[in-house]
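Asks: The structure under discussion is supplied below as structure tokens; questions concerning it will follow.
Protein chains in written order, with this note's numbering: chain A, 1 to 599; chain B, 1001 to 1599.
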């Protein structure tokens, strides 16, 4: 067993052996259902008996039980594992995240606390470990490898923190740390940069996750040689197939923004089902509420006609093996009783999709109300960052958002414009002619060319940059947020300088979160007091706030389905093509700052 | 990666990355072959490039290489892993064992040094680790869990050593120790005996191998609950299927005595190929020479029509996963370059069986001559037990082997007779009428009822017992050996008391091994100076000696194909039905000593 596995004392082991033999009653017996055989495939008839939080018997009949759960016509499968998630993207604390995902069947999550680490550095990772301690959901942590996401020498942006190998090392021996999180800096790896080599070395005895969109051929070989064992960034089937063949495990992702399941699920077969996994990466609470979590990928796979024994294996046993979680992933004696009771939405037809009937965590029925009570009581570590000054910013004024022309007093000028593509985090790099008046370049809301601003919020520098964007469609008001990958400076888009200033002012007032303001004085806000990224509010409260925000943005003319998610990726200078950081516009192709004007 | 995995320094990693990218030449490129995809299944075209002992590239073309190996028309698969072996059963030291099995494609073996531990105790395990250090073959060790095989309180036999939890504990942290070896004492486990619980606890963070012939139902559930993850003792398909379904990994065994492959291989499919493994358990040098090692099971599986991508995965990737050997088992970047080049015996037809064309260990071509030189030079640790007094016995005399009647002076008496079943280690429990003369029960070679004797050899007690056996067919002479599972006392069978005494005398003279003598004074012997179990002689020398021994036994009338193997299991009091130890006849059903006479 792995050093991460559940330990049982000899006395506990003896008690379970007695329960397995039927000499003492089991804590729980699930009867009437079939259970998944993750080893040989298929489903088998028989009882599933649980004692001490583990499965103690399958197939054989157990008549003595403290609790008998009749699940006639259902199927018992192992708890789903989210192989790669940024819990921050749920906007909630881990205690609230579990309230949202445990009822969907997710019983373990492998968290890369990349966002809070970018804001708070080492303290952010410490907080992540504390805030996920002692939950029902088993949260494992991968230590962020790329904080900041771009090399500080490039000076493309200002992050809250920069973590070197020495900062990461102390986390290696934490019992819930499984390894090093997504190695986004694959160019640095391929060039064998000392910093990257040192990080890989520090975690050489643990797992090292990858992140290599589009990588193939010999460079992919090199990436695997470095010990990188996974990638969740494949967007074409051919790309994913090459990764799988070369031993870089494919995590099939279905987030709120990036949706790869339909494209990548054709990889799944009886043979490959043992090496593929599912992950959510970034998934917002509205999507979790409406479509589920890992269950959503399970559902898609079943609807696509994949065999259920392959689908449920991929959701549980395989990620457990890939990440060395040897105590889970099977409905078999000795494995954790993390069990999901499911059935096809339409009896006898798995292509109708999956219904989650009940979830057992360590043999205990998951009860939404109890989870809500635990989280409402504060949960572990939640207080740590509350009340902190998340936005170190001076008061916002309209004149902060003026854009000077390239010397021209009045007339027209060509400017770079970020072209937002709905449901994608890549952007177009556009050029538009804009009016210049009094030495100032003016936005043109009528043509949907709006101002976008990024304000450094971590160090009190008040550094800011202003550029232009197309795609939001706002005709009134502005949107501002402190969620802004990966450095999480403040980003705002608006129909006027006044509106942007109003939105930023409101964001400062609530100390971070998401804000929409309109010109007629209406406001909607979701405060995110923990680092400007997360809240201790309940999934229902967050959903209500998000819906209000979306509704107000739509009222203000916004045409995007996910305006806040899309806005929060416009400062990520590692994703093409044109982005904006606190230091200015970034041409990602050139990996360089470029001026707004391009005459 | 597991704590057992191969470590590479940042500098080594950087060098391999450069080789992977083609910036520096690879050490070796295998060209023209297809390579196995253990992840997605099937075989793919392309180069396999190796540097620093690991695979650095697959699929892509590598034109720069120090060595180019053209294997047109062949297939590159990962090195085979013997998931459970007693190297002692090869009669050779680990250095000689590798000389025999590496050329067959076995590049790693998981050794339970149960036999030498029974003879030498803790020192035997230490020796096993020393003697397997630094070989080309990677030898991992499971620490023997059941020395002696029966509880000392039962006093059924006298072993060389008895190992408690405290004796085993110090081996846990050795880098090549993977866990606790086959837990044969499953009755003790089911009864939660403190000794068994303590041993399981001591190895709770490592693997714990099983051994549970015939176990099923709730008792099998209990065995799995205890953390036992494997069993190599299934002899029917239904038994193996239940174990697999319940998460006790099935190791398909093909030894010299126990041959389960044909029976169990129907378990293999695309889905299950990731959880099944192959093992040899006990395989003698003649069989290795004539049929191969793990390659023999591969061959059988292919001939049975199994898909080659499933067969080769089961021989390599799957045992590596099951035992946490994360650095091996795939032809993929970053994995050890333990590679076997194979092809079907008849081109294009895998059902013709497999031919091993070449074997690469860590990228180096396996060369029988070099291995022979290494072993001839002594090899690590071989000297440790050489010259020891393996047989603490007084000189043998014919009168030692008389059997007293139950009071009768002359006439006939009913006696218990061990019925040997060819190619099986279970026996029949027979009753025969034998002549009594002068208060002594006489053997009856004409009816193939011969005397069999066991002599305690470890402690100088000179305790011995004599009984009767049917099945050897000897009409002249005797056979004696110090290989005698699991306590390895001396066991001898012969056509007369004088012949038994002569064979034992010869065995004492060579200090242990295998001896055949005939009444006309011919002798054959294989000395096994290391604990009376192993020799440093070469595979070829051992084969010559074994053939001479078999030929002489056949000349003396023996009708068994494997007389020495069969003899050496007749004292194992955990295998039904009637056995004999130094303390007397054992009725295994009753787990009790019984007298020879049964009137």
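All residues carry an ideal CB built from backbone N, CA and C; glycine is no exception.
Just so you know, these numbers come straight off a predicted model, no measurement behind them.
Taking only the alpha-carbon atoms, compute the straight-line gap between residue 131 of chain A and residue 530 of chain A and give it to the nearest angstrom.
Replies: Here residue 131 of chain A corresponds to residue number 131 of the first chain, with the count starting at 1. Here residue 530 of chain A corresponds to residue number 530 of the first chain, with the count starting at 1. Distance between the alpha carbons of residue 131 of chain A and residue 530 of chain A is about 11 Å.
Asks: By the criterion of Cβ-Cβ separation under 7 Å, what are the contact partners of residue 1132 of chain B in chain D?
Replies: You won't find chain D in this structure, because its protein chains are A and B.
Asks: So which of A:389, A:42, A:29 has the shortest CA-CA distance to residue 48 of chain A?
Replies: Working through the first chain from its first residue, we reach residue 48 of chain A at position 48. If we check each option's Cα against that of residue 48 of chain A, A:29 comes out closest.
Asks: Give the secondary structure of residue 1594 of chain B by DSSP, where H, G and I count as helix, E and B as strand, and everything else as coil.
Replies: Numbered from its first residue, the second chain carries residue 1594 of chain B at position 594. DSSP places residue 1594 of chain B in strand when its eight states are reduced to three.
Asks: Bridge partners for residue 1211 of chain B per DSSP, in chain order?
Replies: If you number the second chain from 1, residue 1211 of chain B lands on position 211. For residue 1211 of chain B, which the question treats as bridged, DSSP gives no partner whatsoever.
Asks: Using 8 Å for Cβ pairs, my map puts residue 1295 of chain B next to residue 1354 of chain B. What's the rounded Cβ distance?
Replies: Position 295 of the second chain, counted from the first residue, corresponds to residue 1295 of chain B. Position 354 of the second chain, counted from the first residue, corresponds to residue 1354 of chain B. Confirmed, about 6 Å.
Asks: Nearest chain B C-beta to residue 145 of chain A closer than 9 Å, yes or no?
Replies: Working through the first chain from its first residue, we reach residue 145 of chain A at position 145. So no, residue 145 of chain A is outside the interface.
Asks: Look at the alpha carbon of residue 247 of chain A and the alpha carbon of residue 369 of chain A, and state the distance between them as a whole number of angstroms.
Replies: Along the first chain, read from residue 1 onward, the residue named residue 247 of chain A stands at position 247. Along the first chain, read from residue 1 onward, the residue named residue 369 of chain A stands at position 369. Distance between the alpha carbons of residue 247 of chain A and residue 369 of chain A is about 42 Å.
Asks: Under 7 Å between beta-carbons, which chain A residues line up against residue 1039 of chain B? List them in chain order, please.
Replies: In the second chain, the residue the question calls residue 1039 of chain B occupies position 39. The answer, in chain order, is 244, 245, 247, 272, 275.
Asks: Provide the residue span of the beta strand (DSSP E) that contains residue 1107 of chain B, from first to last.
Replies: Position 107 of the second chain, counted from the start, is the residue given in the question as residue 1107 of chain B. Element bounds for residue 1107 of chain B: 1106-1111.
Asks: When the distance is taken between beta carbons, is residue 1478 of chain B closer than 9 Å to residue 1426 of chain B?
Replies: On the second chain, residue 1426 of chain B is found 426 positions in, with the first residue counted as 1. On the second chain, residue 1478 of chain B is found 478 positions in, with the first residue counted as 1. Against a cut-off of 9 Å, the Cβ pair of residue 1478 of chain B and residue 1426 of chain B comes out as no contact.
Asks: Taking Cβ positions only, does residue 1197 of chain B come closer than 9 Å to chain A?
Replies: Walking along the second chain from the start, residue 1197 of chain B turns up at place 197. Closer than 9 Å to some Cβ of chain A, the Cβ of residue 1197 of chain B qualifies, so yes.
Asks: Use the C-beta contact count for residue 462 of chain A: other C-beta atoms within 10 angstroms, 16 or more gives buried, fewer gives exposed.
Replies: Here residue 462 of chain A refers to the residue found at position 462 of the first chain. When all chains shown are included, residue 462 of chain A counts as exposed.
Asks: Smallest Cα separation from residue 154 of chain A: which of A:595, A:573, A:578, A:599?
Replies: Locating residue 154 of chain A in the first chain gives position 154, counting from the first residue. Out of A:595, A:573, A:578, A:599, A:573 has the C-alpha closest to the C-alpha of residue 154 of chain A.
Asks: Which partner residues of residue 1451 of chain B appear in the DSSP bridge assignment?
Replies: Working through the second chain from its first residue, we reach residue 1451 of chain B at position 451. According to DSSP, which records beta bridges pairwise, residue 1451 of chain B is partnered with B:1468, B:1494.
Asks: Residues of chain A with a CB under 7 Å from the CB of residue 1218 of chain B: which are they?
Replies: Taking the first residue of the second chain as 1, we reach residue 1218 of chain B at position 218. Near residue 1218 of chain B (Cβ distances below 7 Å), the residues of chain A are 20, 21, 22, 57, 60.
Asks: Residue 306 of chain A versus chain B: which residues are under 7 Å apart at the beta carbon?
Replies: Position 306 of the first chain, counting from 1, holds the residue named residue 306 of chain A. In chain order: nothing, as chain B lies at least about 13 Å away.
Asks: By a C-beta neighbour count over all protein chains shown, 10 Å radius and 16 as the cutoff for buried, is residue 389 of chain A buried or exposed?
Replies: Taking the first chain and counting its residues from 1, the one referred to as residue 389 of chain A is at position 389. It counts as exposed.
Asks: Less than 9 Å between CB atoms is the rule here; does residue 1594 of chain B satisfy it with respect to chain A?
Replies: As a working mapping, residue 1594 of chain B is identified with position 594 in the second chain. By this cut-off, residue 1594 of chain B is not an interface position.
Asks: Can you name the residues that DSSP bridges to residue 1601 of chain B?
Replies: Because chain B in this structure spans residues 1001 to 1599, residue 1601 of chain B falls outside the shown range and cannot be described.
Asks: Taking just the CA atoms, how far does residue 364 of chain A sit from residue 1191 of chain B?
Replies: Translated into the one-based positions of the second chain, residue 1191 of chain B becomes position 191. Translated into the one-based positions of the first chain, residue 364 of chain A becomes position 364. So the alpha carbons of these two residues sit roughly 28 Å apart.
Asks: So what's residue 1259 of chain B in DSSP terms, helix, strand or just coil?
Replies: As a first step, residue 1259 of chain B must be located in the second chain, where it is residue number 259. Here residue 1259 of chain B sits in strand by DSSP.
Asks: Hey, out of A:585, A:138, A:176, whose CA is closest to residue 338 of chain A's CA?
Replies: In the first chain, counting from the first residue as 1, residue 338 of chain A sits at position 338. Of the candidates A:585, A:138, A:176, the one whose C-alpha sits nearest the C-alpha of residue 338 of chain A is A:138.
Asks: Exposed or buried, residue 1394 of chain B, counting other C-beta atoms within 10 Å across all chains shown (16 or more means buried)?
Replies: The residue labelled residue 1394 of chain B in the question sits at position 394 within the second chain. Label assigned to residue 1394 of chain B: exposed.
Asks: Report buried or exposed for residue 1678 of chain B, applying the criterion of at least 16 other Cβ atoms within 10 angstroms of its Cβ.
Replies: Missing from the structure shown is residue 1678 of chain B; chain B here goes from 1001 to 1599 and no further.
Asks: Would you list the residues sitting across from residue 48 of chain A in a DSSP beta bridge?
Replies: If you number the first chain from 1, residue 48 of chain A lands on position 48. In the DSSP output, where bridge partners are listed per residue, residue 48 of chain A has A:30, A:58.
Asks: Is DSSP giving residue 1181 of chain B helix, strand or coil here?
Replies: If you number the second chain from 1, residue 1181 of chain B lands on position 181. Reduced to three states, the DSSP call for residue 1181 of chain B is strand.
Asks: Kindly list the residues whose CB is nearer than 7 Å to the CB of residue 53 of chain A, restricted to its own chain and excluding five residues on each side of it in sequence; keep chain order.
Replies: By one-based count along the first chain, residue 53 of chain A stands at place 53. Correct list, in chain order: 336, 337, 362, 363.
Asks: Could you check if residue 459 of chain A is buried or exposed, using at least 16 other CB atoms within 10 Å of its CB as the buried criterion?
Replies: Locating residue 459 of chain A in the first chain gives position 459, counting from the first residue. Classification of residue 459 of chain A: exposed, given that the 10 Å Cβ count is below 16.
Asks: Roughly how many angstroms separate the alpha carbons of residue 203 of chain A and residue 1010 of chain B, rounded to a whole number?
Replies: Taking the first chain and counting its residues from 1, one reaches residue 203 of chain A at position 203. Taking the second chain and counting its residues from 1, one reaches residue 1010 of chain B at position 10. Rounded to whole angstroms, residue 203 of chain A to residue 1010 of chain B spans 11 Å at the Cα level.
Asks: With 9 Å set as the bound, which would you pick, yes or no: does the beta-carbon of residue 1008 of chain B sit closer than that to a beta-carbon of chain A?
Replies: The sequence position of residue 1008 of chain B within the second chain is 8, counting from 1. Residue 1008 of chain B counts as touching chain A.
Asks: Return the residue from the list B:1122, B:1244, B:1289, B:1236 that minimises the CA-CA distance to residue 1539 of chain B.
Replies: Against the second chain, residue 1539 of chain B aligns to sequence position 539. Nearest option by C-alpha distance: B:1289.
Asks: Report the residues of the region 1143-1177 of chain B with a CB closer than 7 Å to any CB of chain A, ordered along the chain.
Replies: The residues in question: there are none.
Asks: Please report how far the alpha carbon of residue 582 of chain A lies from the alpha carbon of residue 231 of chain A, in whole angstroms.
Replies: Here the question's residue 582 of chain A lines up with position 582 in the first chain. Here the question's residue 231 of chain A lines up with position 231 in the first chain. Taking the straight line joining both Cα atoms gives about 29 Å.
Asks: Could you check how far apart the C-beta atoms of residue 276 of chain A and residue 314 of chain A are, in whole angstroms? I think they sit under 8 Å.
Replies: Taking the first chain and counting its residues from 1, the one referred to as residue 276 of chain A is at position 276. Taking the first chain and counting its residues from 1, the one referred to as residue 314 of chain A is at position 314. Confirmed, about 5 Å.
Asks: If distances are taken between C-alpha atoms only, which option among B:1469, B:1456, B:1433, B:1151 comes closest to residue 1449 of chain B?
Replies: Here residue 1449 of chain B corresponds to residue number 449 of the second chain, with the count starting at 1. The candidate whose alpha carbon is nearest that of residue 1449 of chain B is B:1469.
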